[in-house]
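Reading through the structure tokens given below for one structure.
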Amino acid sequence: QVQLVESGGGLVQAGGSLRLSCAASGRTFGSYAWFRQAPGKEREFVGAITWSAGRTYYSDSSKGRFTISRNNANNTVYLVINSLKPEDTAVYYCAAGTIATTFRPQQWGQGTQVTVSS
């Protein structure tokens, strides 16, 4: 079992940047990912990172403004979002799991709200 605790969300103006953190405790998974869910929409994959090599994967819509990284020393995964847009408003979730052809989540965090004002 792993505990995932997200932080760093909040209210930001469009055009700004935000760094979300996901602190992991317990067992280590091979990969971690970020998802987001906007009001009235399905949860969507943002990107993922492998824990050992730090290889990253992004959805087509996330490439360019989103950057995922990890710090093995403090067991934390980060998501930096640049040039924020109002449509980035969503609850952002961290997940632990595995990557094959797609990321398969096995554990979820509680989420952190990001609200972007225009």
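Once you know that position 102 of the sequence shown is 113 in this note's numbering, the rest is easy, because the numbers rise by one and skip nothing.
Here a beta-carbon is modelled for each residue, glycine too, at the ideal position from N, C-alpha and C.
All values reported here derive from a predicted model rather than from experimental measurement.
- Pairing S32 with A106, the inter-Cα distance amounts to about 12 Å.
- Apart from sequence neighbours up to five positions away, the residues of its chain that approach V91 with a beta-carbon distance below 6 Å are R30 and T78, ordered along the chain.
- Here the stretch 41 to 61 lies against the stretch 102 to 116, with 3 or more beta-carbon pairs under 8 Å apart.
- In this chain, the beta strand (DSSP E) harbouring N82 covers F77 to N82.
- The beta-bridge partner set that DSSP reports for P116 consists of G108.
- Under the criterion of beta carbons closer than 8 Å, T100 and T123 do not qualify as touching, at roughly 12 Å.
- Just so you know, the alpha carbons of V13 and L22 end up roughly 28 Å apart.
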